[in-house]
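Residue numbers for the sequence shown follow our numbering, beginning at 1 and rising by one. Backbone N, C-alpha and C define an ideal beta-carbon position, used for all residues, glycine too. This one's a predicted model, so the numbers in the text were calculated from it and none came from an experiment. Take a look at the structure set out below.
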Amino acid sequence: MTAVHHDRTELSVVIPMYNEEEVLPVLVDRLRAVLDGTGVRYEVVAVDDGSTDKTAARLEDLRAGWPQLRVVALRRNSGHQAALTAGLHSARGAYVASIDADLQDPPEKIPEMLALAKAQRLDIVYGIRSDRSTDTGFKRRTAGAYYWLIRRLVGKNVPSQAGDFRLLSREAVDALKTLPDQQQVYRLLVPWLGFPSGQVTYQRDERAAGETKYPLRKMVGLAITSITSFSAAPLRLATWLGVVSFFTCLAMLVFTLTAYALGNTVPGWTSLFTAMLFLGGVQLICFGLLGEYVGRIYTAVQQRPTYFIASDSGRPAEAAAPAATPAAPAAAEPLVSSGRPEAGQLPPA
Ligand code: UDP
Ligand code: MG
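Spelled out as structure tokens, the structure:
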């Protein structure tokens, strides 16, 4: 006998959406067929991440014909990870799946994930991209570099082709909600939790409609946050660069003194200039690194929520206390979550 939640939602499907009007009809068709087919009690939590197109209006229309569709609207565009946070915090299901709106990840895999989680009592089921041949070469290479670096810095338990298509148990979601991280990078935090996990592999499709909402700027941001939120190794890099330049300078010193003793001190322009450039560069890199971490401490200290819920169709307006404007779904949970990819928090000192 499986743990059946008669009176509550069994599955929540969280979908962050930013200007996805084009893909919405296709998404709804496919997703609804799949979810209705499972026979479980479900809700779809569409998080409208401050879309400026007709996403909000489309969702409102769709809701009329699909009672399980719940729309959580954020006040402004807060970024993919923050939208995901809003969705995870709002979801009520015993299991919570997250999936992108663009159908690159097949919704058909969700029942498979659910079945696997139940059968093997897993708290996390990752969707693993077995094949990214439909992604652009550029995306594949940058993603490859990202996972290579992350596995080196964060640890080998980060599945290398897992994005944000996954299923979490209620326990795992609640554990994530307790984390104080200002900027949550779920693909790292989830493996870090250490819950029993499994995988479902799939082939990543092309975006069904519309275009990517992840320009290079956001990708770089995500990579920087990922690294600085899990590792102080880059700071050590600064130390190593310092050590290297120190010894180089020692050698230079010997060279200069010898040259001085030999009396040929005038033609020193090249070496002088090289050393100056090198030291200047190293110092700037180190400053930048420090700044990166100071920035993370700064945002962590600010403790600002990374999203605000403007409305939630699954939570009637009267129920939301007037004072509870911040996106706190259930009262006592820490509201520090993630959004902008520039900063976050080191593990609490
Ligand atoms: N997204 C979002 N807020 C943003 C950017 C993206 O909610 O600021 C959503 C987007 O609607 C999609 C998901 O995040 O559901 C992944 O974005 P996208 O498919 O554009 O990224 P890619 O697959 O190109 O990396
Ligand atoms: Mg996509």
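Identify which residue in the options has its Cα closest to the Cα of residue i.
i    : options                : result
V301 : G163, A259, D312, D181 : D181
Q104 : L168, V26, S90         : V26
L193 : T212, Y202, E171, Q199 : E171
V158 : K177, T134, G127, L179 : G127
G280 : L237, V44, G242        : G242
D29  : T134, S311, L69        : L69
G198 : K118, S271, T134       : K118
R187 : E108, I297, I227       : I227
D174 : F195, A162, D53        : F195
D31  : R92, K109, A91, V96    : What sits at residue 31 in the sequence shown is Leu, not Asp. Cα-wise, what sits closest to L31 is K109.
I309 : V44, R75, K54          : R75
S160 : R92, T142, I224        : T142
S133 : W269, R207, A259       : R207
V185 : P106, T212, S231, T225 : T225
T212 : A73, D102, K177        : D102
L176 : G137, V96, R129, L272  : V96
Does any heavy atom of ligand 3 sit closer than 8 Å to the C-beta of residue i?
i    : result
R207 : For the structure depicted, ligand 3 is absent and the ligand set comprises only ligand 1 and ligand 2.
Check for me: the alpha helix (DSSP H) holding residue i runs from which residue to which?
i    : result
Q302 : 269-302
I99  : That residue, I99, is in no alpha helix (DSSP H); it is neither H nor E in DSSP.
L235 : 233-262
A310 : Here A310 belongs to no alpha helix (DSSP H); instead the beta strand (DSSP E) covers 309-312.
R30  : 24-38
R140 : 137-153
V173 : 170-178
R187 : 186-193
L74  : Unbroken run through L74 is the beta strand (DSSP E), 69-74; no alpha helix (DSSP H).
S90  : 80-90
May I ask which residues mark the beginning and end of the beta strand (DSSP E) holding residue i?
i    : result
P111 : From DSSP, P111 is part of no beta strand (DSSP E) but of the alpha helix (DSSP H) over 109-119.
P16  : 11-17
R58  : No beta strand (DSSP E) holds R58; the alpha helix (DSSP H) holding it covers 55-65.
G198 : 197-203
R41  : Premise fails: R41 is in no beta strand (DSSP E) and is neither H nor E.
R217 : Note, R217: premise wrong, no beta strand (DSSP E); alpha helix (DSSP H) at 216-230.
G127 : 124-131
Can you give the Cα-Cα distance for residue i and residue j, rounded to whole angstroms?
i    : j    : result
T210 : V40  : One detail in the question is off: residue 210 reads as Gly in this sequence, not Thr. The alpha-carbon atoms of G210 and V40 are separated by roughly 31 Å.
D48  : V13  : 14 Å
T9   : K139 : 36 Å
S245 : I285 : 13 Å
L257 : E292 : 39 Å
P234 : M276 : 23 Å
D36  : T299 : 42 Å
A46  : C249 : 58 Å
L111 : V34  : The residue asked about is misnamed: residue 111 is Pro in this sequence, not Leu. Each residue's alpha carbon lies about 8 Å from the other.
A238 : V282 : 8 Å
Y42  : L11  : 5 Å
S313 : V71  : 5 Å
L24  : T274 : 57 Å
D131 : F278 : 42 Å
A323 : R236 : Annotation note: pLDDT 40 at A323 (below 50); position unreliable, coordinate value reported separately. Going by the C-alpha atoms only, they are around 45 Å apart.
F247 : L290 : 22 Å
L262 : I297 : 52 Å
E20  : Q303 : 30 Å
L122 : S98  : 16 Å
A86  : A251 : 56 Å
M219 : N77  : 16 Å
S364 : P316 : Absent from the model: residue 364. The displayed extent of the chain is 1 to 349, so no value can be given.
L115 : G221 : First, the amino acid is wrong: residue 115 is Ala here, not Leu. Taking the straight line joining both Cα atoms gives about 35 Å.
I124 : M17  : 23 Å
L88  : G288 : 33 Å
T426 : P191 : Residue 426 lies beyond the residue range present for the chain, which begins at 1 and ends at 349; the question has no answer from this structure.
Q183 : T270 : 46 Å
D135 : Y260 : 60 Å
D100 : F230 : 24 Å
S338 : T38  : Because S338 sits at a pLDDT of 41, beneath the cut-off of 50, its placement in the model cannot be relied upon, and the following sentence gives the value as read from the coordinates. If I take the Cα positions, the gap works out to 32 Å.
I15  : V294 : 32 Å
E22  : V44  : 18 Å
P106 : M113 : 11 Å
A320 : G93  : Because A320 sits at a pLDDT of 47, beneath the cut-off of 50, its placement in the model cannot be relied upon, and the following sentence gives the value as read from the coordinates. The straight-line gap from Cα to Cα measures roughly 20 Å.
L189 : R129 : 19 Å
R217 : A223 : 10 Å
Flag residue i as yes if its beta-carbon sits less than 9 Å from any beta-carbon of chain D, otherwise no.
i    : result
T178 : In the displayed structure, chain D is absent; only one protein chain is listed.
Would you say the region 53-65 touches the region 145-154, given that touching needs at least three Cβ pairs under 8 Å? With a cut-off of 8 Å, the region 145-154 and the region 53-65 do not count as touching, because too few Cβ pairs lie within range.
Do three or more CB pairs link the region 152-162 to the region 80-91 at distances below 8 Å? no
At least three beta-carbon pairs within less than 8 Å, the region 158-166 to the region 63-79: no
Is there contact here, the region 202-219 with the region 248-262, by at least three beta-carbon pairs under 8 Å? no
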